[in-house]
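> Numbering (this note's numbering), first residue to last: 246 to 366.
Think of the CB as a built atom: it goes at the ideal place given N, C-alpha and C, for glycine as much as any other residue.
Keep in mind that this is a model prediction, so the values were computed, not measured.
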Amino acid sequence: MTKIRLPTLNGPMILLYLRKQRYFCKSCQTTCGASTPIVEKIPSLSRGFKSAVVKLAKQSLPVTAIANIAGISPSSVAWILYHDFQRPQRLAKLPEQLCFDEFKSVVRSYSFIAIDAKNTI
């Protein structure tokens, strides 16, 4: 039995107890499990709960604040936000025209971003 967190951010925690059942195929000698669209196979957080965490992150809240609101650990928040993150591939050579932008990213640090000037959306 698995406990699944359902999306509530302002009220008490709601848990869904899900019984998993395995099926055995006698002809091919393999097993398969019952599934539901509410959750993925392994994690115990529902898709709605994960989307609520992403909505909080879009409001520029820090990870610790999102964790306190949602009632989960900061590492779980980071996993929800970054588990499918794909790093951009490096280019073999730089484009002919570049655009640069500098911005204050952390309290006393500056960062910059460089993009291709011709192929931007």
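(1) Determine the DSSP secondary structure at Thr243, reduced to helix, strand or coil.
(2) Considering only their Cβ atoms, is the gap separating Leu301 from Ile314 smaller than 8 Å?
(3) Might you give, ordered along the chain, the residues of its own chain that have their beta carbon closer than 7 Å to the beta carbon of Val308, omitting 5 neighbours on each side?
(4) May I ask which residues mark the beginning and end of the beta strand (DSSP E) holding Leu301?
(5) Rounded to the nearest angstrom, what separates Lys338 and Ile259 at their Cα positions?
(6) For Ser356, name the three-state secondary structure that DSSP assigns.
(7) Hey, quick one: how far does the alpha helix (DSSP H) through Leu326 stretch, first residue to last?
To lay it out plainly:
(1) Residue numbering for the chain in the displayed model covers 246 to 366; residue 243 lies beyond these limits and cannot be assessed.
(2) The residue given as residue 314 occupies position 69 in the sequence shown. The residue given as residue 301 occupies position 56 in the sequence shown. Yes, Cβ-Cβ distance for Ile314 and Leu301 is below 8 Å.
(3) For the purposes of this step, residue 308 is identified with residue 63 of the sequence shown, where counting begins at 1. Cβ within range, chain order: Pro319, Val322, Ala323.
(4) Position 56 of the sequence shown, counting from 1, holds the residue named residue 301. Where Leu301 is concerned, there is no enclosing beta strand (DSSP E), although the alpha helix (DSSP H) around it starts and stops at 292 to 303.
(5) Position 93 of the sequence shown, counted from the start, is the residue given in the question as residue 338. Position 14 of the sequence shown, counted from the start, is the residue given in the question as residue 259. Computed Cα separation, rounded: 52 Å.
(6) Locating residue 356 in the sequence shown gives position 111, counting from the first residue. Strand at Ser356.
(7) The count along the sequence shown starts at 1 and reaches residue 326 at position 81. Element bounds for Leu326: 319 to 327.
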